[in-house]
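K.L.:
For the protein sequence lines, the chains are A and B, in the order given.
Every number in my numbering is 349 more than the matching position in the first sequence, counting from 1.
Every number in my numbering is 349 more than the matching position in the second sequence, counting from 1.
2 protein chains.
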Amino acid sequence: MRSRSAILERSVQLASRDGMEGLSIGSLADDLGLHKSSVHALFGSKDELQLATLAQAREILLSHVVAPGLASDPGLPRLRRIGDAWCDYLAAEVFLGGCFLCAASAEMDGRPGPLRDAVAAVMGEWIGLLSANIRNAIERGGLRADTDPAAMAFRLNALGMAANWQKQLMDDPSGIENARAAWRKELEMHSARPAPEARVPHGHVA
Amino acid sequence: MRSRSAILERSVQLASRDGMEGLSIGSLADDLGLHKSSVHALFGSKDELQLATLAQAREILLSHVVAPGLASDPGLPRLRRIGDAWCDYLAAEVFLGGCFLCAASAEMDGRPGPLRDAVAAVMGEWIGLLSANIRNAIERGGLRADTDPAAMAFRLNALGMAANWQKQLMDDPSGIENARAAWRKELEMHSARPAPEARVPHGHVA
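(1) So, is the C-beta of N506 of chain B closer than 8 Å to a C-beta in chain A?
(2) Between A:I525, A:V471 and A:L403, which lies nearest to A507 of chain A when the distance is taken from Cα to Cα?
(3) Given a cut-off of 8 Å on the beta-carbon distance, is the pair G418 of chain A and K516 of chain A in contact?
(4) Using a beta-carbon distance cut-off of less than 9 Å, what residues from the stretch 465 to 494 of chain A approach chain B?
(5) If you draw a straight line from the alpha carbon of V554 of chain B to that of A541 of chain B, how long is it in whole angstroms?
(6) Quick one: does W514 of chain B have its CB under 8 Å from some CB of chain A?
(7) CB-CB under 8 Å to K395 of chain B, same chain, minus the five flanking residues each way: which ones, in chain order?
(8) Based on Cα-Cα distance, which residue from B:S386, B:S421 and B:E474 lies nearest to E408 of chain B?
(9) Could you say which of B:A355, B:R353, B:R359 and B:S352 lies nearest to F449 of chain B if we only look at CA atoms?
(10) Express the C-alpha separation of A531 of chain A and E537 of chain A in angstroms, rounding to a whole number.
(11) Only counting runs of 4 or more residues, tell me where the alpha helix (DSSP H) segments fall wholly within the stretch 386 to 453 of chain B, in order along the chain.
(12) Quick check on H539 of chain A: buried or exposed, where buried means 16 or more other Cβ atoms within 10 Å of its Cβ?
(13) Less than 8 Å separating the beta-carbons of L403 of chain B and A453 of chain B?
(14) How about N294 of chain A and F503 of chain B: are their beta carbons less than 8 Å apart?
(15) Which residues bound the alpha helix (DSSP H) around P498 of chain A?
(16) Between R430 of chain A and chain B, is any beta-carbon pair separated by less than 8 Å?
(17) How about C451 of chain B and R529 of chain B: do their beta carbons lie closer than 8 Å?
(18) So, using beta-carbon positions, are S485 of chain B and G432 of chain B closer together than 8 Å?
(19) Cβ closer than 8 Å: which chain B residues qualify as neighbours of E456 of chain A?
(20) What in chain A is Cβ-close to C451 of chain B, meaning under 9 Å?
(21) Here's a check: name, in chain order, each residue in its chain whose Cβ is nearer than 6 Å to the Cβ of S352 of chain A, leaving out the five neighbours to either side.
(22) Between the Cα of I483 of chain A and the Cα atoms of A:A420, A:A500 and A:D380, which residue gives the shortest distance?
(23) Alpha helix (DSSP H) containing R353 of chain B: first to last residue?
(24) Alpha carbon to alpha carbon, how far is K534 of chain B from K534 of chain A?
(25) Pop quiz: M472 of chain B and A511 of chain A are said to be a contact at Cβ under 8 Å. What is the actual Cβ separation, rounded to whole angstroms?
(26) What does DSSP give as the partner residues of S540 of chain B in its beta bridges?
(27) Ordered along the chain, which non-local residues of its own chain (more than five positions away) have a Cβ less than 7 Å from that of A481 of chain B?
(28) Output yes if chain A places a C-beta closer than 8 Å to the C-beta of Q362 of chain B; else output no.
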């Protein structure tokens with residue numbers, strides 16, 4: 350019998366493509382060539398399977414997007430690295446159906462219940478992580494003191510979400526590099542020590 | 350018997366909340382207290398109903414977001430107005446489940462077929478409209494000549510999508526005003542005649 354983690358490895362892929370509601374113990378067992386009872390013994394119910402799948406997707410996101418950031422210096426370098434790692438993660442097609450959390454967010458937002466709450470909690474954690482790193486960059490003198498952490502976290506998050514949308518619906522990966530460039534530009538524009546090209550908008554003669 | 354348009358008025362609301370796949374002739378008839386056969390006579394199949402619902406959602410978006418823009422002067426004023434109108438539309442909760450097209454994009458992106466193609470066509474039209482207005486603003490001297498229309502359209506679209514996400518999943522409407530401010534700032538930063546506060550980043554002493 351395959352282990353729980355091997356089953357979850359497949360369930361995150363299927364759920365990213367077909368949605369969290371599309372996930373079922375029966376279809377997952379079919380897909381893996383397992384008896385339904387084996388999968389049932391490990392997860393008990395569809396609700397459990399969905400929550401375990403979300404937890405697995407969170408781990409994958411942490412390892413692809415957050416861990417590379419933690420390997421960089423805190424403050425501005427870490428914030429820059431998180432943006433690059435997010436874009437790399439989108440370009441690498443880690444999930445069959447694009448960013449798992451982007452898809453789960455849109456799917457669950459109108460379905461009250463524990464699964465929706467769990468998706469919102471993971472997304473809250475992500476936005477909180479961006480905000481905390483922005484505050485940290487301000488405290489360390491990397492970003493200007495008048496930077497609004499919540500508003501900047503909103504703008505940074507928007508870029509990755511839109512890149513995922515453009516790739517998944519429009520079959521157009523160009524949004525990923527637009528997002529990467531805009532993420533860097535956003536940090537430059539609010540940098541306490543702007544790079545020369547960010548200091549004065551291009552085309553302005555002082 | 351209620352008219353086709355009255356049925357569609359309800360189906361766009363239900364689909365925005367429960368998804369395009371959640372839509373069915375039977376459930377729509379139940380919701381409206383109609384005989385299933387009456388709804389069936391008007392739409393024939395679930396596929397037809399879904400496509401007609403999407404077309405109705407497109408009309409609603411045109412009237413709420415695009416039409417106010419067309420009432421403004423072409424170029425930069427029109428582009429600014431479209432952003433305000435999009436934010437107003439999100440704040441007004443025009444659809445039960447938030448922005449119809451944002452939800453439909455995420456739902457359909459992994460489901461090949463005519464409905465997915467139709468959703469992508471409407472979104473392509475929207476991005477095309479933003480790009481065309483950006484090009485127009487460049488030609489009229491409102492935006493700098495080195496502005497990349499596709500990249501700017503990507504960034505502007507990202508703001509509204511993220512505002513919708515934050516409102517729908519996080520029950521937090523603050524993203525709408527973040528999006529409005531960032532949309533205006535984006536236009537200011539690329540303006541050929543920047544406002545004094547946009548000319549030099551705050552905190553920079555020339």
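Beta carbons are placed, not taken as given, at the ideal position from N, Cα and C, and that holds for glycine.
P.N.:
So, to answer that:
(1) yes
(2) A:I525
(3) Contact flag unset, no.
(4) R465, V468, A469, M472, G473, I476, R493 and A494
(5) Because the pLDDT of V554 of chain B is 46, which lies under 50, any placement of that residue in the model is unreliable, and the number read from its coordinates should be weighed accordingly. Whole-angstrom Cα-Cα distance: 21 Å.
(6) So, interface residue.
(7) L372, S373 and I374
(8) For the residues B:S386, B:S421 and B:E474, the minimum Cα distance to E408 of chain B belongs to B:E474.
(9) Measuring from the Cα of F449 of chain B, the nearest candidate turns out to be B:R359.
(10) 10 Å
(11) 395 to 410, 416 to 419 and 425 to 440
(12) buried
(13) With respect to A453 of chain B, L403 of chain B sits close: the two C-beta atoms are nearer than 8 Å.
(14) Since the first residue of chain A shown is 350 and the last is 555, residue 294 of chain A is not available in this structure.
(15) P498 to M519
(16) Residue-level contact by beta carbon fails for R430 of chain A and chain B, as no gap is shorter than 8 Å.
(17) no
(18) Inspection of the sequence shows that residue 485 of chain B is occupied by Asn rather than by Ser. Taking 8 Å as the Cβ cut-off, N485 of chain B and G432 of chain B do not qualify as a contacting pair.
(19) Chain B residues near E456 of chain A: G368, A455 and E456.
(20) A455 and W514
(21) none
(22) A:A500
(23) R353 to D367 is the span of the alpha helix (DSSP H), which, as asked, contains R353 of chain B.
(24) 13 Å
(25) Actually they are not in contact, since the Cβ atoms of M472 of chain B and A511 of chain A sit about 11 Å apart, beyond 8 Å.
(26) B:L492
(27) none
(28) By this cut-off, Q362 of chain B is not an interface position.
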